[in-house]
Structures are given as structure tokens and as C-alpha cells.
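Count the sequence shown with the working numbering and you get residues 165 to 326, in order. Glycine is no exception: its CB is placed at the ideal position from the N, C-alpha and C atoms. Have a look at the structure below before the remarks.
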Amino acid sequence: MEKNFSVFELLEIAERIEHNAAKFYLKASELYDDSQLRDTYYKLANWRAKHQKILTQRRKDYSEKTGALGTFDPDDYVLSNPEVMAGLTWLGSKADPAKALTGQETKEDILRDAVRRADEVIAFYEGLKDFARDPTGESAIDKIIEEEKQNIRLLTEQLEQK
């Protein structure tokens, strides 16, 4: 059985990805004694949390406009569950910064890692686009990808200010 996601479902998956990312960065901040490095992670977490709110509002607006809601299919748990789908990225719900980071990273290391992770999320979204139900879903993903690319541009600018 082939699964195609509605705009509502795609935005729900994206929200969960942002939630997991914010949680990851907040946990990562706890690994550092240096306040500047902690602050870098707090800023990364804050961007992800703000982006989650934007996506949540976008999903609510779409739902109010169209009446569309997500559907849960107990026979296809993985594909109908946004949390499980979001867990397919590096930001899986069990992502543990203590396993991914040493606590000895520099600000440059942190920013490079954030760019790498954002690139991986873009690759996930590119693949997810193949499962969009219609062109509106593809457009929703394209918009999210553009926002991720903007985040990468901002992170890269910070790296270049070294």
C-alpha cells in the first residue's frame, strides 16, 4: 500500500522534527560549562522552537481553510504517525547529544555540526516530497526546505565572522 501525505500530515511531521531538534539542542547545552557555547546551543534551540511554532500555525491555518486533518491508520503505524516519521531523521526522538558530542567542541564545531544537521534534514524533506499527495504538499515542503536553507545561510554567516 502506497502512502501519500496531505499538507496537514507533512506539516505535522515537520513540527515534530523541529520539536526534536529544539530538545536535542537544549540537552546539548547542558554538556558545556562555557556560557558562550551554551548560549550558541540555546540560540539553535530557540530557532527550532520558533520554527516549530510557525509550522504549527501554518498547519492550523491550512486546517481551518480546508477542513483537512491528519489520519491515523493503525494498520500502517509508521507512515501514519508523525512522531515515527520524524524519528527517521538524525533528530529521532531518542537523539542523545551526550553520544553525539564530546562537550569539548568549539563554537565553530557547533555551527558546522548545525549546518550538517540542517543539510540532513533538507535531504529528508527532499525524499519526503516524493510522498506528497499533491502539488500543494510539494509546495509546503519546498517552503520548509527554503526556510532550512535560510537557517544554513545564517549559520554560515556566523562561521565566516570568525
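Quick one: grab the DSSP three-state call for residue 295. In the sequence shown, counting from the first residue as 1, residue 295 sits at position 131. It is coil, neither helix nor strand.
Euclidean distance between Cα positions of residue 325 and residue 181: Counting from one through the sequence shown, the residue named residue 325 turns up at place 161. Counting from one through the sequence shown, the residue named residue 181 turns up at place 17. Going from the Cα of residue 325 to the Cα of residue 181 covers about 28 Å.
Quick one: Cα of residue 211 to Cα of residue 167, how far? Numbered from 1 along the sequence shown, position 47 holds the residue referred to as residue 211. Numbered from 1 along the sequence shown, position 3 holds the residue referred to as residue 167. Going from the Cα of residue 211 to the Cα of residue 167 covers about 31 Å.
For the candidate residues 302, 310, 317, whose alpha-carbon lies nearest to that of residue 174? Stepping through the sequence shown from its first residue, residue 174 is reached at position 10. Ranking 302, 310, 317 by Cα distance to residue 174 puts 302 first.
If you scan the stretch 173 to 232 from start to end, which runs of the alpha helix (DSSP H) of 4 or more residues do you find wholly inside it? 199 to 230
Environment of residue 176 [buried if 16+ CB atoms lie within 10 Å]: Position 12 of the sequence shown, counting from 1, holds the residue named residue 176. Buried, by the Cβ-count rule.
Counterpart residues of residue 158 in DSSP-defined beta bridges: Residue 158 is absent from the model: the chain starts at 165 and stops at 326.
My guess is that residue 275 and residue 195 are in contact by the Cβ rule of under 8 Å, so how many angstroms apart are they, rounded? Mapped onto the sequence shown, residue 275 falls at position 111. Mapped onto the sequence shown, residue 195 falls at position 31. With 8 Å as the limit, residue 275 and residue 195 do not qualify as a contact, their Cβ atoms being about 16 Å apart.
Since residue 205 and residue 185 are thought to touch, with beta carbons under 8 Å apart, how far apart are those beta carbons, to the nearest angstrom? Mapped onto the sequence shown, residue 205 falls at position 41. Mapped onto the sequence shown, residue 185 falls at position 21. Contact flag wrong, Cβ pair sits at about 11 Å.
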